[in-house]
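Asks: Using the UniProt record's numbering, the first residue of the sequence shown is number 1, and each one after it goes up by one. For each residue, glycine too, the CB sits at the ideal point set by N, CA and C. All values derive from a computational prediction rather than experimental measurement. Would you mind keeping the following structure in view while I ask a few things?
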Amino acid sequence: MVMNTTNYTSSNLQKHTSGNPLQRYLLGRFHTAAGALLARIEPRPLQILDAGCGEGFAMREVLAELPGAVLGLDGSAGALRVAEELNPGRGFTAGDLYALPFLPGSFDLVVCMEVLEHLDQPERGLAELLRVSRDWLLLSVPNEPLFRGANFLRGKNVAAWGNDPGHVNHWSAWAFRRFVGRHCRIVATCTSFPWTLALCRI
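This is the structure we're talking about:
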């Protein structure tokens, strides 16, 4: 699919549209791991929020198989334009992760992939995700320091020792489980190099 990305770019868009076979393989494994965690949810969720959906790649690759209605939310108008093109017929809205425009318990499942590492106040962001979910939460973040190491070895962000400029939180798999477990019940976790994923219940 050829996307019209005129006047818009992001590191996430570049990552998901890269022709690098290794990167595409790792993303495929990551999406498969996320799908396997979602397959554990019974009954199947009917109202789903993709919080921080970005350009909609997770919605296309992971959430498309779910039978429920999926709404994507992001703070970037450019990312939402790409997401709408990539996911025709899906709903999208602009919003702030720190102040989600929904009533408590509005969704059966809230998905937030590759977002929390960008937040200056991750506890506040997580609290909002928990507030609007009535049951399930799926999270993912980079598994550090493996993520930075992989970047460095392929020559990305070398001056910052592989750290992406927007990443302000750096959790190992253990540290992320500890962080999330303080706020909700973790049902299952897994690592898919170089990411950590957690499926939680409210």
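Would you kindly work out how many angstroms separate the C-alpha atoms of phenylalanine 92 and leucine 80, rounded to a whole number?
Replies: Spanning the two alpha carbons is a distance of roughly 7 angstroms.
Asks: If you run the structure through DSSP and keep just helix, strand and coil, what is alanine 39?
Replies: In this structure, alanine 39 counts as coil in the three-state DSSP scheme.
Asks: Please identify the residue among Glu61, Leu63, Tyr98 whose C-alpha is closest to the C-alpha of aspartate 74.
Replies: Per the Cα distances, Tyr98.
Asks: Under the three-state reduction of DSSP, which class applies to proline 21: helix, strand or coil?
Replies: Correct three-state label for proline 21: helix.
Asks: For the UniProt domain "Methyltransferase type 11" (49-134), which segments carrying the alpha helix (DSSP H) assignment without a break, of at least 4 residues, lie completely within its bounds, in sequence order?
Replies: Runs found: 57-61, 77-86, 122-132.
Asks: If you draw a straight line from the C-alpha of methionine 59 to the C-alpha of valine 115, how long is it?
Replies: Spanning the two alpha carbons is a distance of roughly 14 angstroms.
Asks: If we ignore side chains and look at the alpha-carbon of each, how far apart do proline 21 and aspartate 108 end up?
Replies: Looking at the two C-alpha atoms, the distance is approximately 35 angstroms.
Asks: Expressed to the nearest angstrom, what Euclidean distance is found between the alpha-carbon atoms of arginine 29 and glycine 149?
Replies: When rounded, the distance between both Cα atoms is 18 angstroms.
Asks: Do leucine 137 and cysteine 200 have their beta-carbon atoms positioned less than 7 angstroms apart in this structure?
Replies: Contact flag set, yes.
Asks: Using 10 angstroms around the beta-carbon of proline 122, count the other beta-carbons present and answer buried if the total reaches 16, otherwise exposed.
Replies: Answer is buried; the Cβ neighbour count reaches 16.
Asks: Can you look up arginine 182 in the DSSP assignment and give me helix, strand or coil?
Replies: Residue state, collapsed to three classes: coil.
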